[in-house]
Amino acid sequence: MYDKWFGKDPIFQMKVGTTFKYKKTIWEVIEIHEYTWNRDGKSLEYKVRGGSQEAFLEVEDDDGDILCMFSYEIKKHQIMPDFTSEDFEGDDILAEIEYMGNRYKLDEISEGYYSNTSEAGSSLRVTTYTFYHKDDFICIAQWEDGTMEYADGMEVKRKKFKNIELPATGNKNLFS
């Protein structure tokens, strides 16, 4: 589906209804989002459901290396210090935050456009601020209307996602 921008690995070929195993849980793709980054190409984000939990799996082909980030939405009040969208404007951008007792340092600012490819609609401008603590990250997404969303996640090796099965195939372990 996205061969032009992404490799042929099955993790880039998933569609709504695809299932995979990660950390002993079977996850199902419920939405597909595409990001077109101003300087860094494209990435796919799968909104997934495993049991009663929802999460996000973002995947990107970085010159042949597959980057995978798995994250969960969190609430703003869980992040310290208290901040507003104005803390991300100008030259004095918020450089450090605290979450669950760990300090995260701003590592990456990415600007681009988001579209939900599972639904018809226009693309939205987004800026993401990614703060790291080791392999864990907090991502703050600021949308063109000024609203913000927050996610807690980690970088995950591609091999951790197993038993990728496209919908209606009936084949177990189609893409292990």
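Each residue of the sequence shown is one higher than the last, beginning at 5 in the numbering used here. We treat Cβ as the ideally placed atom computed from N, Cα and C, and that holds for glycine.
{"query": "Start-end ranges of the alpha helix (DSSP H) lying completely within the region 129-157, minimum 4 residues", "result": "none"}
{"query": "Residue nearest to residue 67 in terms of C-alpha spacing, selected from 79, 137, 46, 171", "result": "46"}
{"query": "Residue 116 vs residue 41 beta-carbon contact at 8 angstroms", "result": "yes"}
{"query": "CB contact flag (residue 34, residue 52, <8 angstroms)", "result": "yes"}
{"query": "For residue 90, three-class secondary structure by DSSP", "result": "helix"}
{"query": "Length at least 3, wholly inside the region 55-116: the beta strand (DSSP E) runs in chain order", "result": "57-66, 69-77, 100-103"}
{"query": "For residue 49 and residue 98, the rounded distance between their alpha carbons", "result": "26 angstroms"}
{"query": "Residue 113, buried or exposed, once every other Cβ within 10 Å from all chains shown has been counted against 16", "result": "exposed"}
{"query": "Which residues DSSP lists as bridging residue 21, in chain order", "result": "None; residue 21 has no bridge partner."}
{"query": "Proximal residues to residue 18 (C-beta, below 7 angstroms), its chain only, five neighbours per side dropped", "result": "33, 50, 168"}
{"query": "Residue 155 burial status per 10 Å Cβ neighbour count (16 or more: buried)", "result": "buried"}
{"query": "Where residue 157 falls, given that 16 or more other Cβ within 10 Å makes a residue buried", "result": "buried"}
{"query": "Assigned exposure category for residue 180 - 16 Cβ within 10 Å defines buried", "result": "Note that residue 180 has pLDDT 47, beneath the 50 cutoff, so the model's placement of it is unreliable and the number below is only indicative. By the 10 Å Cβ count, residue 180 comes out exposed."}
{"query": "Environment of residue 111 [buried if 16+ CB atoms lie within 10 Å]", "result": "exposed"}
{"query": "Local Cβ density within 10 Å of residue 128, reported as buried at 16 or more and exposed below that", "result": "exposed"}
{"query": "Collapsed DSSP secondary structure at residue 43 in the structure displayed", "result": "coil"}
{"query": "For residue 15, three-class secondary structure by DSSP", "result": "helix"}
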